[in-house]
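Number of protein chains: 2
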Amino acid sequence: MANGHSPRDRIVYAAAQSIRERGVAGTALRDVVERACAPRGSLQHYFPGGKDQLVAEALAWSADYAAAAVARYEQQLRTPTPGALFALMARQWQDEFDKRGYTRGCPLLAATADVAGTDDELRATVEAAFDAWLAPVGAALKRMGVPPARAKSLAVLMISSLEGAIALARARADQAPLRAVVRELTPLLDQAVAQ
Amino acid sequence: MANGHSPRDRIVYAAAQSIRERGVAGTALRDVVERACAPRGSLQHYFPGGKDQLVAEALAWSADYAAAAVARYEQQLRTPTPGALFALMARQWQDEFDKRGYTRGCPLLAATADVAGTDDELRATVEAAFDAWLAPVGAALKRMGVPPARAKSLAVLMISSLEGAIALARARADQAPLRAVVRELTPLLDQAVAQ
DNA sequence: CTGGCAATATGACGTGCGTCATAGAAGGAC
DNA sequence: GTCCTTCTATGACGCACGTCATATTGCCAG
């Protein structure tokens, strides 16, 4: 963990990973700095806003990461279709579960479940994070030939199904939900280009 | 809250509601008994297994509730099709958000996000809860004419999309994700009967 | 060399948590 | 009545948490 990044970046990253595992309420700052191989004193120095600030930055980082991944997937595709993009997004999670088990989910979903109902400020942060992820998906769909009017709602469908399938996969410790969602959704997604 | 049910039942119910709002880690037992208008001493009497037992029972209760709701929806439908069933399931959440705001989500999803990665015993409980919800959906699809081979994966798609859309709706404090998912998924679901 | 600022180190404080110990009330069985 | 089981009441314990106060280091500008 004590790699080339700055202590501050490592703390944000470690916070994001902890949220993925245990949720926001279950994330302890002492544990985060330890994982980040960072000094405890750095917490109050880099994040004077306390836990809220750190969580907000972790979520923003996660959203940027997801958005960058979407852009990467789009470039990788030889035949760029919505279904293929969705399959690649799901593929990433299957690989994650393969390699590291089912301990980690999506930080945005975890934050939503934990604090969307009680902390409106953090809720707005999560909303912005989801938007930063949905936007590139919708844009990619348009470039693939999906009518602009449908691109947004198809992006919502993709993210919703993916998030739900990730959760189901974790709960069952089985990738089958991810495979099922991809299999069932691919025809619908690719059909949206044809018309 | 001090209605006709027994103190024990009220505690389980209040625990489920608290999990929906704040997640498992964010749920405090002192707060649960207070909401349930139940004596604190009842906690250690009815739930000698501590918080884990209470959470497990709350999740099991939630799953039973969801399963019963599915059965009710199927009966309500004049023209029973998969799309209409899904629309009704989503409709319930839109009404919930309308009446009570976006404070409460799905307890199963919250439990998955919080503890699926750390507590395998509770993870198994969540898995059982999801199965108890998926089973009646799959059975209903079969009765509507969906080929048995597809019924299960379509049920997974429905639950996944619904869960994800609920989360997105909470994060954005907006029902649009639920509407989008229903709109996009209805043709696909109803098409599964025709063939 | 030295002043000053960024960064780190470390201990303490108060709070809220799950849990436990122990005692008391309620009410039927006999 | 008395006894026993079920349920309730209440305080305390230990621990982990977020936060704060306060030193101390490292380092570069002047």
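Heads up: the sequence lines are chains A and B, in that order. Per the working numbering, the very first residue in the first sequence carries number 893; after that it's consecutive. Per the working numbering, the very first residue in the second sequence carries number 893; after that it's consecutive. The beta-carbon is built from N, C-alpha and C at its ideal position, and this holds for glycine as well.
Leaving out the 5 sequence neighbours to the left and right, which residues in its chain are closer than 8 angstroms to residue i when beta-carbon positions are compared?
{"i": "Pro844/B", "result": "Residue coverage of chain B in this structure runs from 893 to 1087, which leaves residue 844/B outside it and unanswerable."}
{"i": "Glu988/A", "result": "Arg996"}
{"i": "Trp953/A", "result": "Val904, Tyr905, Ala908"}
{"i": "Val1038/B", "result": "Pro974, Leu1046, Ala1084, Val1085"}
{"i": "Leu992/B", "result": "It is Arg, not Leu, that sits at residue 992/B in the sequence shown. So the list is empty, once near-sequence residues are dropped."}
{"i": "Gln986/A", "result": "Gln1067, Leu1070, Arg1071"}
{"i": "Arg922/A", "result": "Arg932"}
Pick from the options: whose alpha carbon is nearest that of residue i?
{"i": "Ala1047/B", "options": "Ala1041/B, Pro1040/B, Gly1030/B", "result": "Gly1030/B"}
{"i": "Ala904/A", "options": "Phe989/A, Arg914/A, Tyr938/A", "result": "The sequence shown places Val at residue 904/A, not Ala. Comparing Cα positions, the closest option is Tyr938/A."}
{"i": "Ala955/B", "options": "Gly918/B, Leu1001/B, Gly993/B", "result": "Leu1001/B"}
{"i": "Glu1019/A", "options": "Ala1024/B, Ala952/B, Gly1037/B, Asp1066/B", "result": "Asp1066/B"}
{"i": "Thr995/B", "options": "Asp1006/A, Gly1037/A, Pro972/A", "result": "Asp1006/A"}
{"i": "Arg1064/A", "options": "Phe989/B, Leu1049/B, Ala982/B, Phe1022/B", "result": "Phe1022/B"}
{"i": "Asp1011/A", "options": "Lys991/A, Lys943/A, Pro931/A", "result": "Lys943/A"}
{"i": "Pro931/B", "options": "Pro1039/B, Arg902/B, Gln984/B, Ala979/B", "result": "Arg902/B"}
{"i": "Met1050/B", "options": "Pro1039/B, Thr973/B, Gly1037/B, Leu1081/B", "result": "Leu1081/B"}
{"i": "Leu1077/B", "options": "Gly1037/B, Glu988/B, Thr973/B, Trp985/B", "result": "Thr973/B"}
{"i": "Ser1052/B", "options": "Gly1037/B, Pro1039/B, Leu1026/B, Gly933/B", "result": "Leu1026/B"}
{"i": "Tyr957/B", "options": "Gly941/B, Met981/B, Asp990/B", "result": "Met981/B"}
Apply the 10 Å Cβ neighbour rule to residue i and answer buried if 16 or more other Cβ atoms are within range, or exposed otherwise.
{"i": "Lys1044/A", "result": "buried"}
{"i": "Arg1035/A", "result": "exposed"}
{"i": "Ala963/A", "result": "exposed"}
{"i": "Ala1084/A", "result": "buried"}
{"i": "Ala1088/B", "result": "Because chain B is modelled from 893 through 1087, residue 1088/B falls outside the range shown and cannot be assessed."}
{"i": "Gly1009/A", "result": "buried"}
{"i": "Gly915/A", "result": "buried"}
{"i": "Ala971/B", "result": "The sequence given here places Thr at residue 971/B; Ala does not occur at that position. It is exposed - the Cβ of Thr971/B has fewer than 16 other Cβ atoms within 10 Å."}
{"i": "Glu926/A", "result": "exposed"}
{"i": "Ser898/A", "result": "exposed"}
{"i": "Arg1015/A", "result": "buried"}
Under 7 angstroms from any heavy atom of the ligand HEM, does the C-beta of residue i make it?
{"i": "Leu1049/B", "result": "Here there are no bound small molecules, and the ligand HEM is not part of this structure."}
Which residues in the same chain as residue i place their Cβ atom closer than 7 angstroms to its Cβ, once the five residues preceding and following it in sequence are excluded?
{"i": "Ala950/A", "result": "Val904, Ala907, Ala908, Ile911, Pro999"}
{"i": "Leu977/B", "result": "Tyr965, Glu966, Leu969, Ala1032"}
{"i": "Gly997/A", "result": "Arg912, Ile1058, Ala1059, Arg1062"}
{"i": "Thr919/B", "result": "Ala907, Ser910, Ile911"}
{"i": "Val887/A", "result": "Examination of residue 887/A is not possible in this model, given that chain A is present from 893 through 1087 alone."}
{"i": "Glu1055/B", "result": "Cys998, Leu1001"}
{"i": "Ala979/B", "result": "Val1074, Thr1078"}
{"i": "Gln945/A", "result": "Phe939"}
{"i": "Pro1028/B", "result": "Ala959, Val962, Ala963"}
Just to confirm my understanding: we take residue i, look at its own chain, exclude 5 residues before and 5 after, and list those with CB closer than 6 angstroms. What are they?
{"i": "Ala894/A", "result": "In this predicted model, Ala894/A has a pLDDT of only 49, less than 50, meaning its place in the structure is not dependable; the value taken from the coordinates is given anyway. Only Cys929 meet the Cβ criterion."}
{"i": "Ala948/A", "result": "Thr1017"}
{"i": "Ala1057/B", "result": "Pro1069, Leu1070, Val1073"}
{"i": "Ala1003/A", "result": "Val916, Leu951, Val1018"}
{"i": "Ala1024/A", "result": "Ala955, Ala959"}
{"i": "Glu1013/B", "result": "none"}
{"i": "Arg1091/B", "result": "It is not possible to answer for residue 1091/B, since the shown part of chain B is limited to 893 through 1087."}
{"i": "Arg1075/B", "result": "none"}
{"i": "Gln984/A", "result": "none"}
{"i": "Ser934/A", "result": "Pro899"}
{"i": "Asp990/B", "result": "none"}
{"i": "Gly941/B", "result": "none"}
{"i": "Gln936/B", "result": "none"}
Complete alpha helix (DSSP H) runs within the segment 907-969 of chain B (minimum length 4 residues, chain order): 921-927, 933-938, 942-968
Members of the segment 1011-1037 of chain A that neighbour chain B once the beta carbon cut-off is set at 7 angstroms: Arg1015, Val1018, Glu1019, Phe1022
Members of the segment 984-1012 of chain A near chain B, C-beta cut-off 7 angstroms: For the segment 984-1012 of chain A, which is checked against every Cβ of chain B, the residues closer than 7 angstroms are Tyr994, Thr995, Arg996, Gly997, Leu1001, Ala1002, Thr1004, Ala1005, Asp1006, Ala1008, Gly1009, Thr1010.
Against chain B: residues of the segment 1053-1066 of chain A by CB proximity under 8 angstroms: Ser1053, Leu1054, Glu1055, Gly1056, Ala1057, Ala1059, Leu1060, Arg1062, Ala1063, Arg1064, Ala1065
Members of the segment 944-955 of chain B that neighbour chain A once the beta carbon cut-off is set at 9 angstroms: none
Chain B contacts made by the segment 917-931 of chain A, where a contact means CB separation under 9 angstroms: Ala917, Gly918, Thr919
Every unbroken beta strand (DSSP E) within the segment 1037-1065 of chain B, with a cutoff of 3 residues, ordered by chain: none
Ordered list of alpha helix (DSSP H) runs contained in the segment 976-1026 of chain B, each at least 4 residues: 999-1007
Positions along the segment 895-913 of chain B whose CB lies within less than 8 angstroms of some CB in chain A: Arg912, Glu913
Contact residues within the segment 953-972 of chain B, judged by C-beta distance below 7 angstroms to chain A: none
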